[in-house]
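In this note's numbering, the protein residues as written are 233 to 662. What follows is a set of notes on a single structure, which appears directly below.
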């Protein structure tokens with residue numbers, strides 16, 4: 233095996249020997265996310281299930297429309313009605329009553345005399361839970377449905393020749409969207425919901441990947457210093473560029489494995505919770521039809537940008553990690569990069585960079601992590617020129633950081649050599 237292969241193997245062995253990486257990055261990602269997914273999915277499904285809602289009724293009216301309301305509630309699936317002459321009996325009942333509806337005296341008279349009637353609705357809370365809250369909201373939703381039913385019924389009674397919908401909902405709105413000069417008969421809100429998934433999920437997933445990579449690389453460099461193994465490596469007949477390249481490749485491999493585990497768990501979590509509801513069409517098929525999916529060339533360029541972003545972040549972490557003398561200080565230094573990863577992408581999510589003043593625009597473009605969002609948007613728009621410029625900038629930035637880090641290794645080698653020389657001289661004097 234070559235010196236570089238041995239160094240990469242050593243780097244991987246040391247990183248995987250540390251339980252923080254194996255358990256914290258791989259095992260936790262593959263276990264916690266599926267558990268969270270199952271837990272939330274079960275909670276949501278149990279809430280959505282056709283559980284019986286028990287509603288207490290206190291009828292002081294005893295009129296036609298109070299009976300009409302009770303008949304309507306009884307016709308609603310999975311609704312149980314419990315009638316009582318007073319509220320206290322219902323609140324002390326053994327029944328799991330979600331809400332109590334009080335129909336006041338004069339309810340039917342007000343409706344028939346074209347006056348507004350009212351109901352009193354009391355929510356019964358025995359314990360605080362999400363399911364309890366959803367049951368209470370369901371009761372209000374049922375009553376709002378009855379209001380629409382009652383409006384239609386009154387219009388039919390008073391104006392038999394008029395279509396109730398023509399009065400209650402007299403205006404129909406048909407939406408359309410022009411995309412690149414072509415008309416599509418879909419609401420813009422539906423399109424933006426689908427696009428948000430790509431504009432948000434992809435960049436933020438990449439951000440987590442970068443943070444993992446930076447932590448691994450910086451901690452790896454600091455742990456070498458802490459255990460004094462870097463001193464030994466720099467005294468061996470191996471070029472500093474080979475040592476640096478070995479650490480870079482080893483950190484990149486571990487970062488990719490950890491990120492893949494994270495993304496696998498995260499995507500399983502998202503897939504379990506997110507249901508695409510876009511007029512019966514899946515998001516992929518709709519965006520493909522609209523021509524808003526990246527082409528093969530855009531995918532290739534975006535993949536290259538992802539790789540270069542990962543390499544630039546790792547090289548930057550190795551550069552910063554060379555200043556750290558312990559793992560704790562390396563973690564603190566790498567933590568300082570987190571705002572530079574999150575804030576630019578968060579900013580570009582809500583603001584169009586092209587509309588900003590030139591100085592602010594240049595500052596944002598100079599930060600390599602800004603291009604996580606800009607590259608995703610350019611890929612979706614198939615803007616090849618913009619993708620190539622981003623790739624060239626990231627390549628240049630990575631090359632500069634690698635050069636600086638290599639120079640730091642050279643300085644480290646000279647410093648360590650002088651230290652070893654002084655130690656040997658002291659031993660000879662003794």
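C-beta atoms are modelled at their ideal positions from N, C-alpha and C, and glycine is treated no differently.
Note down the Cα distance separating residue i from residue j, rounded to an integer number of angstroms.
i	j	result
residue 512	residue 419	Reliability fails at residue 512, whose pLDDT of 40 lies under 50, so the model's placement of it is uncertain and the value that follows must be treated cautiously. Roughly 13 Å separates the two Cα atoms.
residue 303	residue 417	41 Å
residue 241	residue 546	18 Å
residue 397	residue 378	15 Å
residue 237	residue 478	7 Å
residue 622	residue 565	26 Å
residue 585	residue 435	16 Å
residue 313	residue 395	32 Å
residue 629	residue 613	25 Å
residue 588	residue 381	52 Å
residue 386	residue 267	52 Å
residue 340	residue 421	42 Å
residue 510	residue 345	Note that residue 510 has pLDDT 41, beneath the 50 cutoff, so the model's placement of it is unreliable and the number below is only indicative. Approximately 44 Å between the Cα atoms of the pair.
residue 318	residue 305	19 Å
residue 415	residue 423	13 Å
residue 320	residue 349	24 Å
residue 390	residue 399	12 Å
residue 282	residue 307	The predicted position of residue 282 is uncertain, since its pLDDT is 44 and thus under 50; a value taken from the coordinates is nonetheless stated next. Taking the straight line joining both Cα atoms gives about 14 Å.
residue 301	residue 410	46 Å
residue 536	residue 401	53 Å
residue 573	residue 544	12 Å
residue 528	residue 615	12 Å
residue 590	residue 626	20 Å
residue 408	residue 327	50 Å
residue 322	residue 383	30 Å
residue 568	residue 561	11 Å
residue 285	residue 592	56 Å
residue 542	residue 594	22 Å
Going by DSSP, what residue range makes up the alpha helix (DSSP H) through residue i?
i	result
residue 354	Run containing residue 354: none in the alpha helix (DSSP H); it sits in the beta strand (DSSP E), 352 to 355.
residue 321	319 to 323
residue 410	From DSSP, residue 410 is part of no alpha helix (DSSP H) but of the beta strand (DSSP E) over 409 to 411.
residue 415	Looking at the DSSP string, residue 415 is not in any alpha helix (DSSP H); the run it does join, the beta strand (DSSP E), is 414 to 416.
residue 432	Here residue 432 belongs to no alpha helix (DSSP H), and DSSP marks it neither H nor E.
residue 399	396 to 400
residue 342	339 to 344
residue 573	570 to 582
Please classify residue i as buried or exposed, where buried requires at least 16 neighbouring CB atoms within 10 angstroms.
i	result
residue 482	buried
residue 540	buried
residue 187	What is shown of the chain runs 233 to 662, which leaves residue 187 out entirely.
residue 371	buried
residue 582	exposed
residue 343	buried
residue 439	buried
residue 295	buried
residue 600	buried
residue 451	buried
residue 369	exposed
residue 334	buried
residue 637	buried
residue 549	buried
residue 406	exposed
residue 449	buried
residue 455	buried
residue 403	exposed
residue 234	exposed
residue 515	Only weak support exists for where residue 515 lies, its pLDDT of 49 falling under 50; the value from the coordinates is given anyway. Its Cβ being crowded by 16 or more others within 10 Å, residue 515 is buried.
As a quick exercise: from the options, pick the residue whose alpha carbon is nearest that of residue i.
i	options	result
residue 325	353, 287 and 295	287
residue 609	267, 631, 543 and 526	526
residue 214	624, 619, 606 and 550	Only positions 233 to 662 of the chain appear in this structure, which leaves residue 214 out of reach.
residue 488	414, 342, 443 and 334	443
residue 347	319, 294, 354 and 338	338
residue 620	532, 590, 560 and 632	532
residue 293	285, 321, 309 and 336	336
residue 580	602, 562, 594 and 573	602
residue 445	323, 383 and 538	538
residue 441	598, 624, 625 and 604	604
residue 578	285, 351, 437 and 284	437
Assuming residue i contacts residue j under a Cβ cut-off of 8 Å, what Cβ separation, rounded to an integer in Å, is found between them?
i	j	result
residue 596	residue 576	6 Å
residue 330	residue 290	With a Cβ gap of about 15 Å, residue 330 and residue 290 do not count as contacting.
residue 244	residue 485	6 Å
residue 551	residue 640	7 Å
residue 357	residue 311	Residue 357 to residue 311, Cβ: 19 Å. No contact.
residue 354	residue 332	4 Å
residue 534	residue 631	Their Cβ separation, rounded to whole angstroms, is 20 Å, which puts residue 534 and residue 631 out of contact at 8 Å.
Residue range of the beta strand (DSSP E) that residue i falls in?
i	result
residue 330	329 to 335
residue 308	No beta strand (DSSP E) holds residue 308; DSSP gives it neither H nor E.
residue 289	285 to 291
residue 601	Counting along the chain, residue 601 falls outside any beta strand (DSSP E), and DSSP gives it neither H nor E.
Does the Cβ of residue i lie closer than 8 Å to at least one heavy atom of the ligand PLP?
i	result
residue 604	Of the ligands one can find in the structure shown there are none, so the ligand PLP has no counterpart to examine.
Output yes if chain D places a C-beta closer than 9 Å to the C-beta of residue i; else output no.
i	result
residue 568	Among the chains in the structure shown there is no chain D, since it carries only a single protein chain.
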